[in-house]
Amino acid sequence: MLPSVMVVFAILSCTRGENPAVQVTLTDKWLQYVKHVGAGWIQDKLEHITFPDISGDVDILIGHVYYTLSGIRITKCDLPEPVLEFFQSTGLKTSIVGLNAALVGNWRTSFGIIHDSGSFDMAIFSVSLTSVVQLGRDPDGHLSITSIGCEPQVGNVAIQFHGGASFIFQPFVDHYKGKIVSVIQSN
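Letter by letter, the sequence shown follows residues -17 to -1, 1 to 170 in mature numbering (1 follows the signal peptide of the UniProt record, and there is no 0).
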């Protein structure tokens, strides 16, 4: 009887406390596991994401053409395995180099009283992304994750517009590739 009572008291003392929690130690082996599993999970989730609309204007010397790209979604993504490492004793750094993606969406333009619309296919090549997150604790002692920085770089973009008067402005797309890349990187 005494050993049974001792076991019950031992269990109760282990499960009771002011801030009961599980403490986890992050190791390089754990990071490698998360990297491998996370890459597959992200690849699956990317096909279900619709990006926010991108709007802006282009000066064509006789006025501004206003545009909106909407309903943007990924149809194919070549996601290389990311690099996941500890960062300056504060958190984690994730880097992806060489990501390529195919997207589809809709476009709308307006120039004064002239309005037009259609669809587009886009390919984004050689995307590099570095993200740093800080791991910490909130005032209640729970895990907190804070984004410290995110730096995207886009190597190249190819866009093919369909419908409407796209045959008129398609030749000018190459002229505005730099602006297109900067809009993608800023969003």
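In this text, a Cβ means the ideal position worked out from N, Cα and C, and glycines have one as well.
In this text the structure is predicted, and so the values were computed from the model without any measurement.
Indicate the three-state DSSP secondary structure (helix, strand or coil) for residue i in the structure shown.
| i | result |
| --- | --- |
| I131 | strand |
| F34 | coil |
| D121 | coil |
| I43 | coil |
| Q71 | coil |
Grab the span of the beta strand (DSSP E) containing residue i for me, first residue to last.
| i | result |
| --- | --- |
| V80 | G74 to F94 |
| A141 | N139 to H145 |
| I25 | Element bounds for I25: not the beta strand (DSSP E) but the alpha helix (DSSP H), D11 to L29. |
How many angstroms separate the CA atom of residue i from the CA atom of residue j?
| i | j | result |
| --- | --- | --- |
| V(-11) | C60 | Note on V(-11): pLDDT 48, under 50, position unreliable in the model; no value is reported. |
| residue 173 | F70 | Within the shown structure, residues of the chain are numbered from -17 to 170, placing residue 173 beyond reach of any answer. |
| A84 | P35 | 16 Å |
| I78 | S111 | In the sequence on display, residue 78 carries Ser and not Ile. Roughly 7 Å separates the two Cα atoms. |
| V166 | T10 | 37 Å |
| E134 | R120 | 25 Å |
| I25 | I142 | 24 Å |
| S109 | L44 | 32 Å |
| A106 | V140 | 6 Å |
| D40 | V80 | 30 Å |
| residue 173 | K12 | The requested residue 173 is not part of the displayed model; the chain covers only -17 to 170. |
| I97 | V20 | 49 Å |
| H125 | E30 | 32 Å |
Could you pull out every residue in the same chain whose Cβ sits closer than 6 Å to the Cβ of residue i, ignoring the five residues on either side in sequence?
| i | result |
| --- | --- |
| V87 | T58 and D104 |
| G147 | D99, S100 and G101 |
| R91 | T51 and S100 |
| S149 | G101 |
| T73 | Q117 |
| S38 | T51 |
Closer than 7 Å by C-beta to residue i: which residues in its own chain qualify, once you throw out the five before and the five after it? Chain order, please.
| i | result |
| --- | --- |
| G54 | T33, G88 and N89 |
| V17 | L67 |
| A22 | L62, E64 and P65 |
| Y159 | V41 |
Taking the alpha helix (DSSP H) that residue i belongs to, which residues open and close that run?
| i | result |
| --- | --- |
| G161 | K160 to S169 |
| F152 | S149 to F152 |
So residue i and residue j are supposed to be a Cβ contact under 8 Å. How far apart are they, rounded?
| i | j | result |
| --- | --- | --- |
| P63 | L75 | Actually they do not touch by this definition, with Cβ atoms about 18 Å apart. |
| V115 | I131 | 4 Å |
Report all residues from its chain with a CB closer than 8 Å to the CB of residue i; omit the five preceding and five following residues, and keep chain order.
| i | result |
| --- | --- |
| G46 | F94 and G95 |
| residue 228 | The shown model of the chain, from -17 to 170, leaves out residue 228, and the question about it has no answer. |
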